[in-house]
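A.B. asks: Okay, so the sequence shown: first residue is 1 according to the numbering used here, each after it adds one.
Each residue gets a CB set at the ideal place from its N, CA and C atoms; glycine is no exception.
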Amino acid sequence: MKKLILSAIGFSALLVSCGPKSTAVTGPKYTSSEQLEQGKTIFENSCNKCHALPNPEKHDDQGWLKTLSRMAPKAKLNDEQHQMVYDYLISVNKK
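(1) What residue does the alpha helix (DSSP H) around K66 start on, and which one ends it?
(2) Starting from the Cα of K74, find the closest Cα among N55, K40, S46, L36 and give me that residue.
(3) Excluding the five sequence neighbours on either side, which residues of its own chain have a C-beta within less than 7 Å of the C-beta of N78, listed in chain order?
(4) Suppose you measure from the CA of M71 to the CA of I42; what does that come to, to the nearest Å?
(5) Compute the beta-carbon to beta-carbon distance between L68 and Y86, rounded to the nearest angstrom, for a pair I have assumed lies under 8 Å.
(6) Tell me which same chain residues have a C-beta within less than 7 Å of the C-beta of H59, skipping the five on either side of it?
(7) Distance, Cα to Cα, Q62 vs C50?
(8) Tell me the DSSP secondary structure of T105 in three-state form.
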């Protein structure tokens, strides 16, 4: 019984340490130049607060989905902002 309780506590701690992930974005949505420009502005202003801006060519479309699902909650992006950043990144990505 003790092992079961300790295992449950350990597993819970592991889940909490992984942090929140956003699944708001599943693919491209915004294509207008105005929306892509908003995505660029959000990317530059939000991401640059904590680290140097990554090169948009660093990841392919799926790579950006994974990266942004981790980073959008940390940057406190809402679903629409998350989508705009993703769409901006894949619009300038050559992969």
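C.D. replies: Judging by the given coordinates:
(1) Element bounds for K66: 61–74.
(2) S46
(3) none
(4) When rounded, the distance between both Cα atoms is 13 Å.
(5) 5 Å
(6) T67
(7) Between Q62 and C50, the C-alpha separation is close to 23 Å.
(8) Because the chain here runs from 1 to 95, residue 105 falls outside it and cannot be looked at.
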